[in-house]
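K.L.:
For reference, the structure I am asking about is given below.
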Amino acid sequence: MEPNAAGPPPGYSVSPPPGGAPPSGPPARAEWSGLGVSLGGRVLLRDFTASAFDGQVVGVVGPAGTDLDAVLLALAGRFGPVTGSVVIQGSPESVSLGGVPEEEHLDPLLTVHETLAEVSRPSADGSTRQSADWSLMATGLTSRVDARIRDLNVEERFRLGIAMGAASGASLIVTDLSRVAGHQASDELWTLLRQLAASGRVVVVAAPDRHEFMNLVIPVPASLEAAR
3 MEPNAAGPPP
13 GYSVSPPPGG
23 APPSGPPARA
33 EWSGLGVSLG
43 GRVLLRDFTA
53 SAFDGQVVGV
63 VGPAGTDLDA
73 VLLALAGRFG
83 PVTGSVVIQG
93 SPESVSLGGV
103 PEEEHLDPLL
113 TVHETLAEVS
123 RPSADGSTRQ
133 SADWSLMATG
143 LTSRVDARIR
153 DLNVEERFRL
163 GIAMGAASGA
173 SLIVTDLSRV
183 AGHQASDELW
193 TLLRQLAASG
203 RVVVVAAPDR
213 HEFMNLVIPV
223 PASLEAAR
């Protein structure tokens with residue numbers, strides 16, 4: 003695949019969320035060079051080279067399942083072995099994996115509020131409340147602050163993963179919308195992802211189909227690759 007341009011696409015802009023998202027960590031930039039991913043003898047991604055910058059949404063498109071998750075994690079530098087290289091600018095803690103089943107290690111007995119409090123990035127005055135409050139409001143979880151993780155449905159867990167990424171100040175947010183698609187993923191969720199990208203982050207999201215908000219699309223045609 004050809005790399006995308008050496009910077010954000012011309013004319014690309016989107017208004018940030020009302021009130022502004024919590025500040026991210028170091029500015030995000032991801033570089034993938036000759037990346038190859040295989041799983042169980044199937045080639046999922048071959049010789050992929052591209053760049054992504056803060057403000058962009060990267061879509062990993064394919065059917066929900068372990069193949070899509072493997073590519074998603076490989077793009078975040080969290081899956082191996084792979085060929086090629088993955089370079090993500092910023093410290094390791096600037097990467098947030100939310101709503102990715104294989105990477106979810108949430109305490110089912112904690113509440114939504116307690117879970118966010120654990121990851122929230124302190125503001126200038128040392129308080130984490132601004133980050134947590136904005137994340138709850140933006141993801142529509144304000145009414146679920148006292149709900150325990152075990153009681154959340156699929157879409158609410160996805161929203162929580164996004165809220166955790168925003169509250170933590172992560173500059174690269176990786177998430178899996180393909181699991182929510184069966185529950186009619188709404189335009190509201192896509193708008194939320196676009197807004198988070200606009201606040202200075204790179205968002206990498208797995209989805210069953212292309213979406214107009216994707217700046218870069220990475221197809222994962224597992225069945226076609228296996229047939230070659």
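When you line the sequence shown up against the numbering used here, it's residues 3 to 230, in that order. Think of the CB as a built atom: it goes at the ideal place given N, C-alpha and C, for glycine as much as any other residue. Since we're looking at a predicted model, the values are computed, not measured.
Would you verify that the beta carbon of residue 208 is, or is not, closer than 9 Å to some beta carbon of chain D?
P.N.:
Among the chains in the structure shown there is no chain D, since it carries only a single protein chain.
K.L.:
Looking at C-alpha atoms only, which residue of 110, 189, 188 and 179 is the closest neighbour of residue 60?
P.N.:
Of the candidates 110, 189, 188 and 179, the one whose C-alpha sits nearest the C-alpha of residue 60 is 179.
K.L.:
Taking 8 Å as the limit between beta carbons, can you name the residues of its chain near residue 185, skipping five residues before and five after?
P.N.:
Per-residue confidence for residue 185 stands at a pLDDT of 48, beneath the threshold of 50, marking its modelled position as unreliable; no derived number is given.
K.L.:
On the three-state DSSP scale, how would you describe residue 33?
P.N.:
Strand.
K.L.:
Closer than 6 Å by C-beta to residue 3: which residues in its own chain qualify, once you throw out the five before and the five after it? Chain order, please.
P.N.:
For residue 3, the predicted model reports a pLDDT of 41, less than 50, meaning its position is unreliable; a value from the coordinates is still stated below. Here the set comprises 50.
K.L.:
Which residues in the same chain as residue 64 place their Cβ atom closer than 8 Å to its Cβ, once the five residues preceding and following it in sequence are excluded?
P.N.:
Closer than 8 Å at the Cβ level, and outside the excluded window around residue 64, lie 70, 73, 180, 208, 210, 221, 222, 223 and 224.
K.L.:
Along the chain, which unbroken stretches of the alpha helix (DSSP H) at least 4 residues long are found entirely within the stretch 136 to 214?
P.N.:
Counting whole runs of 4 or more residues, the stretch 136 to 214 contains the alpha helix (DSSP H) stretches 156 to 170 and 189 to 200.
K.L.:
Give me the Cα-Cα distance between residue 68 and residue 123, rounded to the nearest whole angstrom.
P.N.:
Using only the alpha carbons, I get a separation of about 31 Å.
K.L.:
Using C-beta distances below 7 Å, list every residue in its chain close to residue 165, excluding the 5 sequence neighbours before and after it, in chain order.
P.N.:
Only 118, 137, 138, 141 and 143 meet the Cβ criterion.
K.L.:
Does residue 98 come out as helix, strand or coil in the three-state DSSP assignment?
P.N.:
Note: residue 98 maps to strand in three-state DSSP.
K.L.:
Spatial neighbours of residue 205 within its chain, please: C-beta separation below 6 Å, excluding the five flanking residues on both sides.
P.N.:
Taken in chain order, the residues that qualify are 59, 175, 195, 198 and 199.
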